[in-house]
Amino acid sequence: MSRKEFWFSVIFGMAVLLFLGCGTSNKAVVNPAVNGGPAFDFTSRTVTLNNGIKMPILGIGTYRLTPEEDEESVYLALTDGYRLIDTANVYMNERAVGRGIQRSGVPREEIFVTTKLLPSDYENVDKAIDDTLARLNLEYIDLLLLHQSFGNYVEGYKGLEKAVADGKVRSIGVCNIYEERFDEIIKIATIPPAILQNETNPFVQQSEMREHVRPYGTILMSWFPLGGRVDNFNNTQTRLFNNETIVEIAEAHGKTPAQVILRWHLQSGNIAIPGSRSADHILENISIFDFELSAAEMQKMSALDTGILSLDFRNNIDEISNFLSPNVPMDFNAQE
Ligand SMILES: NC(=O)c1ccc[n+]([C@@H]2O[C@H](COP(=O)([O-])OP(=O)(O)OC[C@H]3O[C@@H](n4cnc5c(N)ncnc54)[C@H](OP(=O)(O)O)[C@@H]3O)[C@@H](O)[C@H]2O)c1
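When the letters of the sequence shown are read in order and numbered with this note's numbering, they come out as residues 198 to 533.
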């Protein structure tokens with residue numbers, strides 16, 4: 198083979214591989230230029246974080262359930278194929294989550310566990326992590342987040358970085374944070390946040406924050422992805438599920454509004470963690486990998502953004518910190 202023929206076959210081979218890769222259906226439907234992050238892989242249902250670790254793009258949330266309900270919903274979710282679990286020490290359910298994981302029989306290395314620390318832990322991160330690991334009955338946490346951006350969050354973030362160095366935590370990130378405080382963390386960070394977990398749904402699309410964190414490769418993870426519970430704050434879930442545009446798109450695909458909203462999160466490049474105590478809903482929420490929203494439908498959904506948060510961490514951070522920050526540290530070990 199001549200030199201010319203050799204290079205021709207190399208270039209031709211690469212072109213074929215590229216063509217085959219792009220042709221894979223349902224893969225990389227997210228346009229990184231639009232959403233400001235790496236493409237979600239809809240085949241493996243993962244995204245590669247800014248530290249090279251793969252994270253599932255759809256998971257189960259565990260907020261506001263009883264320990265029994267939490268254990269059952271984690272068990273059902275893992276049985277249905279979910280591989281991401283979102284909890285927090287303040288949810289008082291880490292033991293129940295650990296039991297659900299054990300019961301499922303799914304190997305630890307296949308599961309991605311996210312948990313969070315409260316401001317009362319920020320100056321004592323080491324101990325808080327050891328306690329969380331003991332409650333979860335795990336040897337490491339896949340993703341640890343600062344739950345709130347008040348108190349000594351800068352010190353808290355340094356504690357997270359130390360936990361990565363100590364091998365107790367694999368990825369770190371932040372929640373409920375906006376430009377100014379995010380930048381404060383970036384100034385001291387040696388490990389940029391892998392995840393930003395903020396309230397996000399079609400009425401609150403977080404486009405500005407997504408743009409803001411783009412340079413650091415930080416990915417948005419949506420809390421209240423379905424608008425939260427029906428009794429939460431602004432009736433967001435009821436308004437989402439009855440929204441004309443969402444209902445119309447759902448009917449066109451033979452899907453439910455919940456499924457359309459979750460698919461919208463993933464195609465927008467948001468990791469979603471819907472919570473549910475219902476076996477039917479848990480299965481319904483993961484049955485979103487057999488359809489795709491068109492560009493026109495995504496555009497219609499984009500137009501629904503109002504930017505109105507249920508809990509306004511953007512503007513009322515000091516007010517919120519008054520009622521959310523426990524002055525007396527909570528006894529997280531007092532859970533079933
Ligand atoms: N970082 C933070 O500050 C923060 C704050 C809030 C939440 N979170 C995390 O985000 C997760 C998600 O939030 P969330 O659970 O509060 O709210 P959500 O996921 O937006 O909505 C949950 C509600 O939707 C209902 N639901 C779920 N699937 C449904 C379906 N297919 N059809 C109809 N209804 C459905 C559930 O009822 P059923 O039980 O009847 O299914 C439940 O009442 C939490 O669990 C938690 O892990 C984080």
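C-beta: ideal position from N, C-alpha, C; glycine also.
Everything numeric in this text was worked out from a predicted model, so none of it was measured.
Burial state of residue i, where buried means 16 or more other Cβ atoms lie within 10 Å
i      : result
Glu269 : buried
Ser206 : Note on Ser206: pLDDT 45, under 50, position unreliable in the model; the coordinate value appears next. Exposed: under 16 other Cβ atoms inside 10 Å.
Ser346 : buried
Asn349 : exposed
Lys324 : exposed
Ser473 : buried
Asp477 : exposed
Ala449 : exposed
Thr387 : exposed
Thr311 : buried
Ser465 : buried
Arg305 : exposed
Gly356 : buried
Gly302 : exposed
Lys384 : exposed
Gly364 : exposed
Phe510 : buried
Lys251 : exposed
Met498 : buried
Thr263 : exposed
Asn512 : exposed
Phe421 : buried
Asp267 : buried
Asp339 : buried
Ser317 : buried
Ala391 : buried
Cut-off 8 Å between Cβ atoms - residues of its own chain near residue i, not counting five sequence neighbours on either side
i      : result
Asn530 : Asp328 and Arg332
Leu508 : Asn373, Glu396, Phe430 and Ile517
The alpha helix (DSSP H) enclosing residue i, as first and last residue numbers
i      : result
Arg332 : Val322 to Leu333
Ser465 : Pro454 to Ser465
Asp515 : Ile514 to Leu521
Phe438 : Thr433 to Phe438
Val444 : Glu441 to His450
Val572 : Look at the range of the chain in this structure, 198 to 533, and you will see that residue 572 is not part of it.
Leu315 : Segment: none, Leu315 is in no alpha helix (DSSP H) and carries neither H nor E.
Asp238 : Taken as a continuous stretch (DSSP letters only), Asp238 belongs to no alpha helix (DSSP H), as it is neither H nor E.
Ser404 : Ser404 to Val410
Arg305 : Unbroken run through Arg305: none, as it is neither H nor E.
Ala531 : Where Ala531 is concerned, there is no enclosing alpha helix (DSSP H), given that its DSSP letter is neither H nor E.
Below-8 Å beta-carbon distance, residue i vs any chain B residue
i      : result
Tyr375 : Absence of chain B from the displayed structure is noted, only one protein chain being present.
Residues near residue i in its chain [Cβ-Cβ closer than 7 Å; skip 5 each side]
i      : result
Thr435 : Val427
Glu202 : A caution first: Glu202 carries a pLDDT of 48, below 50, which makes its placement in the model unreliable, though a value can still be read off. Hits under 7 Å: none found.
Gly504 : Val401
Glu352 : Tyr319 and Glu320
Pro229 : Unreliable positioning characterises Pro229 in this predicted model, as indicated by a pLDDT of 43, which lies under 50. A coordinate reading is not provided.
Gly278 : Ile483
Thr453 : Ala447 and Glu481
Ala285 : Thr312, Lys313 and His344
N-terminal and C-terminal residue of the beta strand (DSSP E) that residue i is part of
i      : result
Arg367 : Val366 to Cys372
Leu357 : Counting along the chain, Leu357 falls outside any beta strand (DSSP E), though it belongs to the alpha helix (DSSP H) covering Tyr350 to Ala362.
Pro253 : Lys251 to Pro253
Met418 : Ile416 to Trp420
Glu396 : Ile392 to Glu396
Thr243 : Thr243 to Thr245
Leu273 : Leu273 -> not in any beta strand (DSSP E); alpha helix (DSSP H) instead, spanning Pro264 to Asp277.
Ile282 : Leu281 to Asp283
Asp339 : Ile338 to Leu343
Cβ shell of residue i (< 6 Å), same chain only, five flanking positions each side left out
i      : result
Val457 : Ile443, Ile446 and Ala447
Ile514 : none
Asn467 : Thr397, Leu417 and Ser419
Leu281 : Pro253, Gly256 and Phe309
Ile470 : Gly256, Gly258 and Asp283
Asn334 : Gly295
Phe379 : none
Val287 : Leu315
Leu480 : Asp277
Gly172 : Within the shown structure, residues of the chain are numbered from 198 to 533, placing residue 172 beyond reach of any answer.
Glu376 : His409
> In the region 489 to 514, which residue ranges form an unbroken alpha helix (DSSP H) of at least 4 residues, counting only runs that do not cross its ends?
Replying inline: 492 to 499
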